[in-house]
Amino acid sequence: MAQLKINGRSYFVDSEPDTPLLWVLRENLQLTGTKFGCGGGYCGCCTVHVNGEAMRSCRVRVGDVEDAIITTIEGLDPSSNHPVQQAWVE
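Mind the numbering: the sequence shown is residues 17 to 106 in my numbering, read in order.
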């Protein structure tokens with residue numbers, strides 16, 4: 017069982033440490049704003065912030081981010097003009 021800090025909340029997830037973060041976000045936690053694209057970390061559809069750094073969640077393993085602060089698109093303030101939100105608009 018892993019404890020993850022996502023969008024300011026703590027979650028306990030029952031998954032193997034080598035499970036891609038993307039699948040835990042989408043399937044275990046229903047945070048579907050993070051998308052599956054290529055599965056190889058090239059397209060950027062699955063980008064999340066881990067400790068303030070953009071990372072491809074399809075290439076990040078749950079066991080590697082247990083002590084990290086993770087922010088998905090759902091964790092951004094919709095009234096702010098965050099760079100991630102602006103990139104989607106453009």
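Just so it is clear, CB atoms sit at the ideal spot from N, CA and C, and this is done for glycine as well.
Write down the C-beta distance between residue 50 and residue 66 rounded to the nearest angstrom, noting that I regard them as a contact closer than 8 Å.
Under the criterion of beta carbons closer than 8 Å, residue 50 and residue 66 do not qualify as touching, at roughly 12 Å.
Member of 34, 87, 55 whose CA lies at the smallest distance from the CA of residue 27
Checking every option, the nearest Cα to that of residue 27 belongs to 87.
In terms of alpha-carbon separation, which member of 48, 52, 75 lies closest to residue 34?
The residue with the shortest Cα to Cα distance from residue 34 is 75.
Burial state of residue 73 (16 or more Cβ within 10 Å):
Buried is the call here.
Extent of the continuous beta strand (DSSP E) run through residue 26
Here the beta strand (DSSP E) through residue 26 covers 25-29.
From the DSSP secondary-structure annotation, give me the bridge partner or partners of residue 21.
Residue 21 pairs with 26, 85.
Once the 5 residues before and after residue 22 are set aside, which same chain residues still bring their CB inside 6 Å of it?
Hits under 6 Å: 86.
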